[in-house]
Amino acid sequence: MGRKFLIVPLLLVACGCGSDPTAAGPATAGGASGRLRILATTGMIADAARRVGGDLVEVTALMGPGVDPHLYQPTARDQSQLKAAQLILYNGLHLEGKMAELFESLSKQKHVVAVSHDLPTEKLLSWRESAGMHDPHIWFDVTLWQQAVRTISRACSEADPAHAADFEQRSSDYLAELEHLDRECHELADRLPRDRRVLITSHDAFHYFGKAYGFDVVGIQGISTETEAGLKAITDAVDLIRRRKIRAIFPETSVSRAAIERVATDGHVSLGSELYSDSLGSPDSPAGTYVGMIRANMENIVKSLQGSTTDSAH
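FYI, my numbering numbers position 270 of the sequence shown as 250, with every residue one higher than the one before it.
So, in structure tokens, the structure goes:
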């Protein structure tokens, strides 16, 4: 049996997890430091938790910059972080598919919350590759991410009720900032004529972005990066580039560049700067926060797609 099949059971034993996935975790106050210890799977969730919690929380991100959550498997080194956390926040909608069993088991002894839990089903996009599943990349619609922030705020309040009012106030301040970010994204998108709003990326992560801000979106790989891009997907993308006279296509920081570079070569089109899709940028970069990541992506997309036709030669 390969390592990927063994690691979750080993972690379950190490964390002292039982088999009851439905039991609610107990409410807990802050740890020895007086701060609520939060483990977030992705950088986007960790950033939101820090904004909501401020100096009342101690947040650890399980997955760093450039890490693909679709492929991430928990390791033995994650044991101490999982055991120490009083609140675990994850995206849900099968983004962290290889960790689902682990989250269910941990939920019997601590707060384990999917930040997508409270999103209305009608707001979710279907996962075309898997019937009955939804696209997990909800953070690319800022209005959906606002709902995720509200869920994070409630989770913090349930785990540390003594500071519920503080979490609520900080959440309100952050939501106002996200409201401004959403308006900014619409204003940037409006700089592009509608016929130029075609976004071709390494994998199918940007459909919520497209729906929110009026872009046609094509991913060379599917929603999950577990499958390689097929020849038909590459050929179809090249045909679309020629038909729509697309001026740039985009690699991503957390996905292999091989397929998108093949499309750029065959389609004689420029590669834009890398987009941040499934992870934030490095902490010291402008894209090291959620707001910075969304802004950097939108500015990159608009600037690249505004390029002159002479820029399209690859």
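Glycine residues also receive a C-beta, built at the ideal position from the N, C-alpha and C atoms. These numbers were taken from a predicted model, which means no experiment stands behind them.
Distance between residue j and residue i (C-alpha atoms, nearest Å)
i: leucine 255; j: alanine 156; result: 25 Å
i: serine 250; j: proline 231; result: 11 Å
i: arginine 15; j: aspartate 184; result: 37 Å
i: alanine 28; j: alanine 144; result: 16 Å
i: alanine 142; j: arginine 171; result: 46 Å
i: leucine -8; j: serine 87; result: Low local confidence applies: a pLDDT of 43 at leucine -8 is under 50, so the model's placement there is unreliable, with the coordinate-based value given in what follows. Each residue's Cα considered, the two are about 12 Å apart.
i: lysine 212; j: arginine 17; result: 47 Å
i: valine 282; j: alanine 169; result: 7 Å
i: glycine 33; j: alanine 64; result: 17 Å
i: isoleucine 132; j: valine 95; result: 6 Å
i: glutamate 38; j: alanine 26; result: 10 Å
i: leucine 124; j: isoleucine 214; result: 30 Å
Closest Cα partner of residue i within the set the options
i: alanine 217; options: Cys136, Ser284, Arg242 and Ser137; result: Arg242
i: glutamine 126; options: Gly261, Ser265, Ala145 and Lys103; result: Lys103
i: arginine 227; options: Arg17, Gly252, Ile240 and Glu81; result: Gly252
i: methionine 278; options: Lys88, Thr131, Glu164 and Gln61; result: Glu164
i: aspartate 48; options: Ser234, Arg275, Ala267 and Asp246; result: Ser234
i: serine 257; options: Gly247, Thr269 and His166; result: Thr269
i: tyrosine 193; options: Leu73, Asp121 and Gln59; result: Asp121
i: methionine 24; options: Ser284, Val271 and Arg222; result: Val271
i: serine 151; options: Ala135, Asp162 and Pro54; result: Ala135
i: leucine 220; options: Leu19, Ser137 and Arg176; result: Arg176
i: lysine 78; options: Gln53, Ile118 and Ser60; result: Gln53
i: glycine 247; options: Glu167, Ile229 and Leu161; result: Ile229
i: phenylalanine 147; options: Leu36, Gly287, Val93 and Ala267; result: Leu36
Neighbour-count burial assignment, residue i, 16 or more Cβ in a 10 Å radius
i: aspartate 264; result: exposed
i: alanine 293; result: Bear in mind that a pLDDT of 39 at alanine 293, under 50, signals an unreliable position, so the number given afterwards is only what the model happens to contain. Classification for alanine 293: exposed.
i: threonine 245; result: exposed
i: histidine 91; result: buried
i: glycine 199; result: buried
Same chain only: Cβ atoms within 6 Å of residue i, ignoring 5 sequence neighbours per side
i: glycine 190; result: Val197
i: threonine 40; result: Leu19 and Gln61
Own chain residues within Cβ distance below 7 Å of residue i, not counting five before or after
i: glutamate 76; result: Thr21, Pro49, Tyr52 and Tyr70
Beta bridge counterpart(s) of residue i as assigned by DSSP
i: threonine 40; result: Leu19
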